[in-house]
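Residue numbers (our numbering), protein chains in the order written: chain A, -14 to 73; chain B, 338 to 521.
Just so it is clear, CB atoms sit at the ideal spot from N, CA and C, and this is done for glycine as well.
Encoded as structure tokens, the structure appears first; notes follow it.
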Amino acid sequence: MMNKKNKIFISCDEANHKCDKSQYDEASFWDKFKLTLHLLYCHACRKYSKNNAKLTKIIEKSEVECLDIKDKQNMKDCFEKELKQHQN
Amino acid sequence: MPKHHIDPNKWIDSYSDYLFNYTITRVKDRDTAQDLVQDTFFAGLKSMKNFKGEASERTWLISILKRKIIDHYRKINSNKGKAEVRINYNSDSEDEGDWLEERVADPFDKTAEDNLENTELGLAIHKCIGELPKKQAQIFKMKTILGYETEAICNELNITASNLWVIIHRARTTVAACLEKNWF
């Protein structure tokens, strides 16, 4: 009997999950193989995969930045102190 | 009645990353950028009564931030100016010893246009992330922009890996659709 792990044909949900993982280089060779196979016959997932890869590329290209969570928390703490004083 | 309302309680969550991204492309130094953003929020708080609701909160905060950035450059420029006076290399008495390269226009910066486009793209991305629910936005940013490991995020926020991937999937779908609509 084939268990879930060794299944070659995967559902769309699983395919999308593998596609998401591969955007962060976290998909194994086997993951990618199953995804590629799925994309051969699934138009909807092909479209999602394409858009998903595009998003990764755009974010990379934009060199978008954001605050580190710790810095943001510090900023929030400081600001809330100031806000409290302001409201009094 | 004014169209836009002001609510400083939400400022950090809603705008800090947007303002930070705006600043970092202009000052290139994370610490300075962070200080400028913080100053902007404080200044915003002080002049809240001047908010007329004609522009959105974000636009209003950006206009404060712009002035902060200009002030920052003015400050470092005047420091540099003082140093130059002391060196006094550009005396009129002799041609010899003039720093010629200082008088030549800057070479054309080929990447300027690219940078400008990327800056706008970065802001568009932040606008789209801003439309996500708070938790989705946080996880998406940690994973995609800050590059945290899956495990680190799960530990930090106390969620399971499959939970994380469901959230990432939703966030990616929303952000991609938003960018598709607003950027391309």
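- Residue state for B/H341 is assigned as coil, using DSSP reduced to three classes.
- A direct Cα-Cα distance of roughly 24 Å separates B/N495 from B/S353.
- With fewer than 16 other Cβ atoms from the protein chains shown falling within 10 Å of its own Cβ, B/E468 counts as exposed.
- Taking 8 Å as the cut-off, the beta carbon of B/L398 is found no closer than this to the beta carbon of B/T360.
- Listed along chain B are R509, V512, A513, L516, each with a C-beta nearer than 8 Å to that of A/L40.
- No Cβ of chain B is located within less than 8 Å of the beta carbon of A/E(-1).
- Taking CB atoms only, B/S384 has no neighbour in chain A less than 8 Å away.
- A Cβ-Cβ separation of about 13 Å leaves B/N452 out of contact with A/E50 under the 8 Å criterion.
- Y33, N36, N37, K39, L40, T41, I43, I44, K46: these are the residues of the region 15 to 46 of chain A whose beta carbon lies less than 9 Å from some beta carbon of chain B, given in chain order.
- Residue environment: A/F(-6) is assigned as exposed (fewer than 16 neighbouring CB atoms within 10 Å of its CB, all protein chains considered).
- The C-beta of A/C30 has 16 or more other C-beta atoms within 10 Å across all chains shown, which makes the residue buried.
- Interface flag for A/D5 against chain B is set, since a Cβ pair is found closer than 8 Å.
- Looking at the backbone, the Cα of A/D(-2) and that of A/Y33 are separated by about 11 Å.
- Assigned with DSSP and collapsed to three states, A/F18 falls in helix.
- Segment contact: the region 361 to 374 of chain B against the region 386 to 395 of chain B, fewer than three CB-CB distances shorter than 8 Å; contact not assigned.
- B/G459 has a beta carbon lying within less than 8 Å of a beta carbon in chain A.
- With respect to the 8 Å criterion, B/L382 and A/H23 are not classified as neighbours on the basis of their beta carbons.
- Within the same chain, Cβ atoms closer than 6 Å to the Cβ of B/A508 are found at L469, Q473, F477, the five residues on either side in sequence being excluded.
- Between the C-alpha atoms of B/F378 and B/Y355 there is a straight-line separation of about 13 Å.
- For the C-beta of B/S353, the chain A residues within less than 7 Å are, from N- to C-terminus, L52, K57, M60.
- The Cβ of A/F(-6) sits no closer than 8 Å to any Cβ of chain B.
- Note on B/N492: under 16 other CB atoms within 10 angstroms of its CB, so exposed under the neighbour-count rule.
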